[in-house]
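See below for the structure under consideration.
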Amino acid sequence: MADKDVDMKPLKLDTDVANKDKESKDAAPKKLTPAQEIKANVALIERGVGSMEPRFAHRALRNLTALRKSLTAEAIAQAIDENLVKDGPAAKALKPHLNVSSSMDVDTSTASTQTADLPETEMYLRLLLIHHLLSTPTEQSRKAALTLAKESAAKIQSLNRRTMDPIGAKIWWAYGRAYEVVDPEHLASLRPELLAAQRTAALRRDDDTQAVLINLLLRNYLHYNLFSQADKFVSKTNFPQSAANPQLARNHFYLGRIKAVQLSYTQAHTQFQQAIRRAPPATTAPGFYQAVHKFFIVVELLMGEIPERQMFRHVVLEKPLKPYADIVRAVRAGSLSQFQTTLQTHAAQFTSDCTLTLLSRLRQNVIKTGLRKLSLAYSRISLRDICLKLHLESEEDAEYVVGKAIRDGVIDASIVHERGWMVQKGYEIEGTSNGEGLGVVGQASKAAFNLGGKSRPQGEALVRAEVHTGLMRGYGPEVVDVFGRRIAFCLQLHNESVRAMRYPLNAHRKELVSVQAALEREKELSREVMRGEHDDDDDALGDL
Amino acid sequence: MVHSAVKQIHGKLQRAFASSSKDTTPLLAQAKLDLIQAGLLVPVGEHREQDLSYARDILEIGAFWSIRVRDVPAFDRYFSQLQTFYTDYQGVLPPSPRQYPLQGLNLIRLLTQNRISDFHTVLESLPPETLQENPFIRHPVNLERWLMEGSYSKVWNAREEAPAAEYRFFVDSLMGTIRNEIASCEEAAYNSLPMADAQTLLFFNNQQDLMQFTQQRGWQPDLIRKVFTFPTKADDKAAEIPSRKIIAQALTCAKELEQIV
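As you go down the protein sequences, you meet chains E and X in turn.
Residues 1 to 544 (the UniProt record's numbering) make up the first sequence, in order.
Residues 1 to 261 (the UniProt record's numbering) make up the second sequence, in order.
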């Protein structure tokens, strides 16, 4: 299953502990135990709930990946004891999942003194517990994780709290993951539930959850190769642009796959490029990085381009991309037989990567590359030789293939049917019956043909002619387009950064005070200066 | 009981279809009405497996029949209704023997309508091994490949190898598309073309058809040299100035700048 490959770790966490310590008030030593880290995060979450600021919750979730790896049953048990009301309903619901003897000594001073649990805190601990259960390999604990995740998701929906959104999104993600691990055969049955949740999230303008759910659904559709349904789903939903980077990267990846199947290679190419840019560094999430690159290379080939060689030397990519490097080599050489054998030897690999059907579309590209090479190398070549060199089945086929290539503008040539050969443009012989020698015309270079062949529009308005020549020099409408896109991008960036600025409540008062003080100072200064000037004058007079 | 009505009409329909009698069309209409009454046309909720397979059979017959009476939009409708049975009830119903022939037909239909991107989307949703092994699917897949690389003669020869009688209908209309493709290639690739060769290249059996076809495309026959010459196309279109676009761009720029300053 491709799931393992595409599994991406959420974020390149910042393990900058010192930075976090500044935020959480207690100045703890450099290395925190998992339980302490959880406590610090819970403090952040509580602060976020108090000030209605989602960014605190985001910060608390940022080190989830690192935390997930160091989690132990004991640490979670301790965290539950410390952060939840003792024997409260929340703690009671979670405890049975941990088979830790309850005789743990809990320092009563650190135990929670609150009378009721914050639902956000409870959910955060639930999330940790789900991840912990998923990482234990026994079937039983995974099933427990699934039920717990299902329960938590339902609870989040019934609570309907905006401060819960970031944590809720993570819980949904964990739910999807748990489902895949426990019950990979019946993924389709998860779809109605996800769709309903997506609708709710959209109505509540819950961007985080929506982003996660859209990606889960797309993944679900693509798992069953339901590309048309996925495409319809995409056209009916708006992926929130404020979503976190990993979700954006995934979304770009899924969209790219849909577009590639629909033959919109240019769009697919942009999507994959975005996915690569948004993805976490290659060493953090190698699976995702490799999967995107595989599709990226195939799409680039389908567009008729040859991927950069450097890509195949990348530390993370070199080995898994080996079959693709072979394909690239075959396409570059334009050898149909080499292409076919490569495709057959690595068929199993390509099937598991879901790229086989895309790759088999490359056949025509291989033929075209081969033809192009021939047309560059020979000014005249018989169809029979073309047929032999490209391993086509019959001369008749070759004639049609060449004809199509000429019409599609792949090669600049013509066919002389009576003689059965292909002639490079510019090398035609006047009067086809005269087969002897090359015309002198033939010496004209191809470039000259391209420019000279196009006659200037006659009797046109001056401006039009200018545009026409401008096109050739590279000042045409295309250039306007490119500049337009760049300007739009810069403006968008500006607007986004303006919107991203935060204005804490009442912070402007402080500023007002300081502004007032500054004004005051300025006045003082100018007064001083005035006085000083007078002094100077006096001095000057005095000197005299 | 409604379900017995479905069963009854299913039996009648099958007999009519097997003998391809004219009654099939009115029977189909009646069958669809019965299906709607039983809530089976677009199945909602729980149904017995037997009823579902009756519904599927009726729709399949409808799809085949619409091809026989050359009603492509009707085929389209039947096929999209069948999709529910093929994908959503995959686990409930035993696979239908007519599924792959119908899917192959659908692929060919997409091909003749030049909906290549839809063609590939459908292809992607089929299990990969069927593309090579299943004769009904392999046929359209090969056709597409040959069309794309330009091996038109193979397409022409494959005309006889159609795995089901219904494929013929589409194959004929495919030939029309191919001829036009070939003709447009020839216009670009040749300076002049002998008439006899044009006839073989375009797969015409007699000269009359050829003349009619070439007349439509505006080829000029030179009866003395027995060659065709092609009308030279004015491919040098004067470049247009996209004035509207430029104005719109300038205006948005001005607006944004205004906001910044």
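Yeah, the Cβ is synthetic: ideal placement off N, Cα and C, and Gly gets one too.
- Do the CB positions of E/LEU213 and E/ALA197 come within less than 8 angstroms of each other? Here residue 213 of chain E refers to the residue found at position 213 when the first sequence is read from its first residue. Here residue 197 of chain E refers to the residue found at position 197 when the first sequence is read from its first residue. Yes. Within cutoff.
- prompt: Is the closest heavy atom of the ligand MG to the C-beta of E/ALA174 under 7 angstroms?
  reply: In the structure on display, the ligand MG does not appear, and there are no ligands present to speak of.
*asked:* Within 8 angstroms of any Cβ in chain B, is that where the Cβ of X/ARG145 sits?
replied: Here chain B cannot be found, since the structure's protein chains are E and X.
Using a Cβ-Cβ distance under 8 angstroms, would E/LEU451 count as near chain X? Your numbering for residue 451 of chain E matches position 451 in the first sequence. With a pLDDT of 35 at E/LEU451, under the threshold of 50, the predicted position of this residue should be treated as unreliable, and no value is reported.
Using only the alpha-carbon positions, how far apart do X/GLY176 and X/ILE182 sit? Position 176 of the second sequence holds residue 176 of chain X. Position 182 of the second sequence holds residue 182 of chain X. Taking the straight line joining both Cα atoms gives about 10 angstroms.
For the stretch 327-415 of chain E, which segments carrying the beta strand (DSSP E) assignment without a break, of at least 3 residues, lie completely within its bounds, in sequence order?
380-382
TODO: Using a Cβ cut-off of 8 angstroms (strictly closer), state whether X/ASP197 contacts chain E.
DONE: By 1-based counting over the second sequence, the position of residue 197 of chain X is 197. Closer than 8 angstroms: yes.
* Asked: Rounded to whole angstroms, how far is the Cβ of E/ARG332 from the Cβ of E/ILE306, which I believe are closer than 8 angstroms?
  -> In the first sequence, residue 332 of chain E corresponds to position 332, counting from 1. In the first sequence, residue 306 of chain E corresponds to position 306, counting from 1. Sure, about 6 angstroms apart at Cβ, within 8 angstroms.
* Find out if the Cβ-Cβ distance for the pair E/ARG257, E/ASN215 is shorter than 8 angstroms. => Taking the first residue of the first sequence as 1, we reach residue 257 of chain E at position 257. Taking the first residue of the first sequence as 1, we reach residue 215 of chain E at position 215. For E/ARG257 and E/ASN215, no; Cβs fall outside 8 angstroms.
Are any of the Cβ atoms in chain X nearer than 8 angstroms to that of E/VAL480? Here residue 480 of chain E is taken as the residue at index 480 of the first sequence, counted from 1. It does; some Cβ of chain X falls within 8 angstroms.
CB contact flag (E/VAL299, E/TYR324, <8 angstroms)
On the first sequence, residue 299 of chain E is found 299 positions in, with the first residue counted as 1. On the first sequence, residue 324 of chain E is found 324 positions in, with the first residue counted as 1. No, the pair does not count as a contact, with Cβ atoms beyond the cut-off.
Counting only the same chain and skipping the five closest in sequence on each side, list residues whose C-beta sits under 8 angstroms from that of X/TRP65. The residue you call residue 65 of chain X lines up with position 65 of the second sequence. The residues are PHE17, THR24, THR25 and LEU28.
Practice prompt. Measure from the C-beta of E/THR357 to each C-beta in chain X and report whether the shortest distance is under 8 angstroms.
Written response: Position 357 of the first sequence, counted from the first residue, corresponds to residue 357 of chain E. Chain X contact via Cβ: present.
Check your understanding: When the Cα atoms are used, what is the spatial distance from E/LEU134 to E/GLN210?
Key -> Taking the first sequence and counting its residues from 1, the one referred to as residue 134 of chain E is at position 134. Taking the first sequence and counting its residues from 1, the one referred to as residue 210 of chain E is at position 210. Rounded to the nearest angstrom, the two C-alpha atoms are 23 angstroms apart.
Worksheet item: How would you list, in chain order, the residues of chain E whose beta-carbon sits under 7 angstroms from the beta-carbon of X/LEU123?
Response: Here the question's residue 123 of chain X lines up with position 123 in the second sequence. Result: THR357.
Practice prompt. Alpha carbon to alpha carbon, how far is E/LYS404 from X/GLY149? Give it in angstroms, no decimals.
Written response: Here residue 149 of chain X corresponds to residue number 149 of the second sequence, with the count starting at 1. Here residue 404 of chain E corresponds to residue number 404 of the first sequence, with the count starting at 1. Gly is not the amino acid found at residue 149 of chain X; the sequence shown has Glu there. Straight-line Cα distance between these residues: approximately 8 angstroms.
Beta strand (DSSP E) segments (min. 3 residues) lying fully within the stretch 162-213 of chain X: 192-194
CA-to-CA distance, E/ILE276 to X/LEU107, given in whole angstroms | Within the second sequence, the letter at position 107 stands for residue 107 of chain X. Within the first sequence, the letter at position 276 stands for residue 276 of chain E. About 34 angstroms.
Can you list the residues of chain E that X/TYR152 reaches, using a CB-CB cut of under 7 angstroms? Counting from 1 along the second sequence, the entry for residue 152 of chain X is found at position 152. Per Cβ cutoff of 7 angstroms: TYR400.
| said: Buried or exposed, going by whether 16 or more other CB atoms sit within 10 Å of the CB of E/MET52? | reply: Within the first sequence, the letter at position 52 stands for residue 52 of chain E. Classification of E/MET52: exposed, given that the 10 Å Cβ count is below 16.
With a cut-off of 8 angstroms, does the C-beta of X/LEU193 fall near any C-beta of chain E?
For the purposes of this step, residue 193 of chain X is taken as the residue at position 193 of the second sequence. Closer than 8 angstroms: yes.
* Measure from the C-beta of E/LYS389 to each C-beta in chain X and report whether the shortest distance is under 8 angstroms. => On the first sequence, position 389 is the one that residue 389 of chain E refers to. Not an interface residue.
* Do you know offhand how far E/ASP208's Cα is from X/LEU93's? -> Counting from 1 along the first sequence, the entry for residue 208 of chain E is found at position 208. Counting from 1 along the second sequence, the entry for residue 93 of chain X is found at position 93. About 39 angstroms.
**Asked** Counting contacts by CB-CB distance shorter than 8 angstroms, is E/PHE227 in contact with chain X?
**Response** Counted from its first residue, the first sequence places residue 227 of chain E at position 227. So, interface residue.
Inset, instruction - Verify the CB distance criterion: does E/GLY88 have a CB-CB separation below 8 angstroms to chain X? - result: As a working mapping, residue 88 of chain E is identified with position 88 in the first sequence. No, E/GLY88 does not count as interfacial toward chain X.
(message) Could you tell me the alpha carbon to alpha carbon distance between E/ASP412 and E/GLU308, rounded to whole angstroms?
(response) For the purposes of this step, residue 412 of chain E is taken as the residue at position 412 of the first sequence. For the purposes of this step, residue 308 of chain E is taken as the residue at position 308 of the first sequence. Cα to Cα, the separation comes out at about 27 angstroms.
**Against chain X: residues of the stretch 141-166 of chain E by CB proximity under 9 angstroms** = none
message: Since E/ALA188 and E/TYR224 should fall inside the 8 angstroms C-beta cutoff, what is the C-beta to C-beta distance between them, to a whole number of angstroms?
response: Here residue 188 of chain E refers to the residue found at position 188 of the first sequence. Here residue 224 of chain E refers to the residue found at position 224 of the first sequence. So it is a contact: roughly 6 angstroms between Cβ atoms.
Proximal chain E residues relative to X/PRO128, where beta-carbon distance stays under 8 angstroms = Residue 128 of chain X sits at position 128 when you count from the first residue of the second sequence. Near X/PRO128 (Cβ distances below 8 angstroms), the residues of chain E are THR351, LEU356 and THR357.
Next on the checklist: Would E/HIS131 and E/ARG68 be called neighbours here (beta carbons separated by less than 8 angstroms)?
Outcome noted: For the purposes of this step, residue 131 of chain E is taken as the residue at position 131 of the first sequence. For the purposes of this step, residue 68 of chain E is taken as the residue at position 68 of the first sequence. Cβ distance < 8 angstroms, so E/HIS131 and E/ARG68 count as in contact.
Look at the alpha carbon of E/ASP14 and the alpha carbon of E/LEU371, and state the distance between them as a whole number of angstroms.
Taking the first sequence and counting its residues from 1, one reaches residue 14 of chain E at position 14. Taking the first sequence and counting its residues from 1, one reaches residue 371 of chain E at position 371. Any reading at E/ASP14 must be qualified, since the residue scores a pLDDT of 39, below 50, and its modelled position is unreliable; no value is offered.
Worksheet entry | Near-chain X residues of the stretch 240-265 of chain E - C-beta to any C-beta below 8 angstroms | VAL261, GLN262, LEU263 and SER264
For E/ARG502, which option in E/HIS97, E/PRO54, E/VAL42 and E/GLU46 has the closest C-alpha, if you only look at C-alpha atoms? Taking the first sequence and counting its residues from 1, the one referred to as residue 502 of chain E is at position 502. Nearest of E/HIS97, E/PRO54, E/VAL42 and E/GLU46 to E/ARG502, Cα basis: E/PRO54.
Can you round the beta-carbon distance between E/THR342 and E/ASP326 to whole angstroms, since I take them to be within the 8 angstroms contact cut? Here residue 342 of chain E corresponds to residue number 342 of the first sequence, with the count starting at 1. Here residue 326 of chain E corresponds to residue number 326 of the first sequence, with the count starting at 1. Rounded, the Cβ-Cβ distance is 5 angstroms, consistent with contact.
Please check the pair X/ARG179 and X/LEU202, which I expect to be a contact at CB under 8 angstroms, by giving their CB distance rounded to whole angstroms.
Along the second sequence, read from residue 1 onward, the residue named residue 179 of chain X stands at position 179. Along the second sequence, read from residue 1 onward, the residue named residue 202 of chain X stands at position 202. That belief holds up - the Cβ atoms of X/ARG179 and X/LEU202 are roughly 6 angstroms apart, short of 8 angstroms.
### Message
Closer than 8 angstroms between beta carbons: that is the criterion. Which residues of the stretch 74-99 of chain X meet it against chain E?
### Response
THR87
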